[in-house]
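Numbering-wise (the working numbering), the sequence shown opens with residue 143 and increments by one. For glycine and all other residues, C-beta sits at the position ideal for the given N, C-alpha and C.
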Amino acid sequence: MNGMKSGWASAVTKRIHQQRPTAIGLLISICVLKLRAEASDTGSKAVTTFCTEKAYAQAILHQLSQWRIKTAAAAKEQAAEQTLLELAAARYANTPEGPAYQALAALAREIAQNTAAAAQRAAEDVDAAQTLLSARMAELSVVEAIRSGKITAGTAGTRTASALGVLTSGQAQHCATTGAITLAAATDCKAESEAVNRAGQVGTELERLQSLKVRKPRDLRTVTINIGMEVKGTVNAGAGNYVDLAGVPGCGNNGEGTATADATNAFAAKLSLPKATFHAADLKIQAESGEGNQKKSQTDLSNVALLTADEDLQNAMQKAVAAKPQIQKKVSERTLSALISETAVSDFAEGLAMAKSKGKTEHLKPTEVAKLLFGGENTDVKAVFIDKLIKDTTAITNGEQKIEGTTADLRKNNFSKAVAYFYSKNMKKDSQYSRNKA
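Next comes the structure, spelled out in structure tokens:
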């Protein structure tokens, strides 16, 4: 019996030791994921003031622009490679390299079309997000300009012979003054430089951003103003009237003469803008699932919005973040194994094999595709087929004009003329071949 217990205990101990590495590995993975999540949220955590909020939004706007620029640049490069390979396919159509260039041109066309479509989507989505986020920051800047500005209740008070309507059964006179709010033209963020830099890190974290830390319209609609009323002596108009108070926004007792701040009996007002408490927002912008939130604010001319709507900003940011470019490699950047795995290349190879055998062929293996199109599975496609196009000087004629250059030169400066020339040349060769065969 003891032997059985000992054996059971040994088995349990052994199992615990076997599972311990797995448990430790899982714990380490959880810790790493947590640290990565925290590290990728540096910019958002730094948003605690207007200065950091502005830096945060500017970093997002800049990164969105970079995404758009990168996609547009890739689309331009891929379109150029497409036309280069199409011209090469025309030039070398009746040579052993012809099928390779035709297959590469087909793949380049597919890549360029996909990237062009992605660039168009990115442009539209990024534009919408940038427009709304820029508008929100403009709104925040105006509010900050008010809160950081100066407010005065005027420099003098004037008696007006009418009730103000604030108090029940008030006298048919009141004291009026004209104040003003002067918006601040700038704010000093120098003391927050470190926090501003941290907030700017959101640019590198944008694709993983879960929520937007930019204040919402409800935080912009109210600016608090402190209003104070000060009374000196006994203010009692009696049967008379209040008199104007010079130098300060208020009025004095009747009979004071030219009343000033030194008046024995007077009252005056003071306005001030208290320091506002910053409350960072948390607008969810995680990637859309399924249909997503596609609702749009309705246009109603009787209720025109003066502030950007959270829903519009949320939808726009969701689409913009999802539009991060996933740039496909150009043909010239791909290995042979990557090229022959593409449907555009393998389909072309199978079509070529079928034409040669004059019947249906079996599905070609990758090695067979490589041999049929590129001469073997060890061929460096870029070195053999693409780099060649910047060295293969030739001459074409356009009427009496003779144009010299490599395939790359002709693509850049005389693409249409070169395509027409090689097409015509190929047609003549095909016609000659048909006559000889007959």
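Boundaries (first-last residue) of the beta strand (DSSP E) holding residue i
i: valine 385; result: 385 to 388
i: glutamate 543; result: Strictly speaking, residue 543 in this sequence is glutamine, with glutamate absent from that position. From DSSP, the beta strand (DSSP E) with glutamine 543 extends over 543 to 547.
i: lysine 412; result: 408 to 414
i: glycine 394; result: 392 to 394
i: alanine 259; result: Run containing alanine 259: none in the beta strand (DSSP E); it sits in the alpha helix (DSSP H), 240 to 289.
i: isoleucine 482; result: Not the beta strand (DSSP E): isoleucine 482 falls in the alpha helix (DSSP H), residues 478 to 482.
i: threonine 294; result: 292 to 294
Residue i: first and last residue of the uninterrupted alpha helix (DSSP H) it sits in
i: cysteine 193; result: 192 to 233
i: lysine 586; result: Any question about residue 586 goes unanswered here, given that the chain covers just 143 to 580.
i: lysine 498; result: 485 to 499
i: asparagine 339; result: 335 to 341
i: asparagine 540; result: No alpha helix (DSSP H) holds asparagine 540; the beta strand (DSSP E) holding it covers 536 to 540.
i: isoleucine 367; result: Counting along the chain, isoleucine 367 falls outside any alpha helix (DSSP H), and DSSP gives it neither H nor E.
i: phenylalanine 516; result: 508 to 516
i: valine 446; result: Counting along the chain, valine 446 falls outside any alpha helix (DSSP H), and DSSP gives it neither H nor E.
i: glutamate 347; result: 344 to 347
i: lysine 417; result: Run containing lysine 417: none; DSSP gives neither H nor E here.
i: glycine 185; result: 184 to 187
Residue closest to residue i, alpha-carbon to alpha-carbon, out of the options
i: phenylalanine 420; options: Gly185, Ala341, Ser186 and Glu195; result: Glu195
i: aspartate 534; options: Ala188, Arg233, Thr300 and Ser207; result: Arg233
i: leucine 494; options: Gln224, Val189 and Pro238; result: Pro238
i: threonine 450; options: Lys571, Val365, Glu492 and Ala280; result: Ala280
i: alanine 423; options: Arg278, Asp522, Gln262 and Gly307; result: Arg278
i: glutamate 475; options: Glu223, Lys187 and Ala215; result: Glu223
i: glutamate 336; options: Lys187, Leu448 and Ala235; result: Lys187
i: threonine 273; options: Ile469, Leu455, Thr213 and Asp522; result: Leu455
i: histidine 505; options: Ser483, Lys212 and Ser207; result: Ser483
i: valine 356; options: Phe527, Thr191, Glu542 and Ala250; result: Thr191
i: glycine 375; options: Lys358, Arg210, Asn395 and Asp361; result: Asn395
i: glutamine 352; options: Leu246, Ala464 and Val284; result: Ala464
i: valine 268; options: Ala298, Gln255, Thr213 and Thr320; result: Thr213
i: alanine 295; options: Glu286, Glu347, Ile367 and Asn339; result: Ile367
i: aspartate 348; options: Val285, Lys498 and Gln205; result: Correcting the residue type first, residue 348 is leucine in the shown sequence and not aspartate. Selected option, being the one with the closest Cα: Gln205.
i: arginine 350; options: Leu415, Glu510, Gln460 and Ala491; result: Gln460
i: glutamine 543; options: Val526, Leu448 and Tyr563; result: Tyr563
i: glutamine 220; options: Gln208, Arg251 and Ile211; result: Arg251
i: tryptophan 209; options: Pro467, Ala486 and Cys193; result: Pro467
i: proline 416; options: Tyr565, Arg289, Gly370 and Ile323; result: Arg289
Proximal residues to residue i (C-beta, below 6 Å), its chain only, five neighbours per side dropped
i: glutamate 372; result: Ala410
i: aspartate 489; result: none
i: threonine 402; result: Ala388 and Gly389
i: isoleucine 469; result: Ala216
i: lysine 358; result: Ala423 and Asp452
i: alanine 418; result: Arg289
Burial state of residue i (16 or more Cβ within 10 Å)
i: valine 561; result: buried
i: valine 473; result: buried
i: asparagine 457; result: buried
i: methionine 496; result: exposed
i: alanine 259; result: exposed
i: valine 344; result: buried
i: arginine 363; result: exposed
i: alanine 264; result: buried
i: valine 189; result: buried
i: alanine 607; result: Residue 607 lies beyond the range of the chain shown here (143 to 580); nothing can be said about it.
i: asparagine 378; result: exposed
i: valine 523; result: buried
i: lysine 292; result: exposed
i: glycine 432; result: At glycine 432 the pLDDT is 41, less than 50, meaning the model places this residue with poor confidence; the figure from the coordinates comes in the next sentence. So glycine 432 counts as exposed.
i: threonine 319; result: buried
i: lysine 571; result: exposed
i: glutamine 244; result: buried
i: leucine 275; result: buried
i: valine 174; result: Here the model assigns valine 174 a pLDDT of 39, short of 50, so the residue's position is not dependable, and the following value carries that caveat. Label assigned to valine 174: exposed.
In DSSP terms, what residue i is bridged to
i: valine 373; result: Phe409
i: glycine 299; result: Leu387
i: histidine 316; result: Thr302
i: threonine 324; result: Lys292
i: alanine 401; result: Leu387
i: leucine 425; result: Leu354
Residues near residue i by beta carbon distance below 8 Å, same chain, minus five either side
i: glycine 342; result: Gly185, Ala197, Tyr198, Gln200 and Ala201
i: alanine 480; result: Lys471
Neighbourhood of residue i by C-beta, 7 Å cutoff - its chain only, sequence neighbours within 5 removed
i: leucine 229; result: Thr549, Leu552, Arg553, Phe557, Ala560 and Val561
i: arginine 178; result: Low local confidence applies: a pLDDT of 44 at arginine 178 is under 50, so the model's placement there is unreliable, and no value is given.
i: arginine 301; result: Gln315, Cys317, Asn383, Tyr384, Val385, Asp386 and Cys393
i: leucine 531; result: Leu226, Ala230, Thr548, Thr549 and Ala550
i: glycine 518; result: Ala512
i: phenylalanine 516; result: Ala242, Leu478 and Val523
i: valine 338; result: Cys193, Thr194, Ala197 and Cys331
i: threonine 509; result: Glu519
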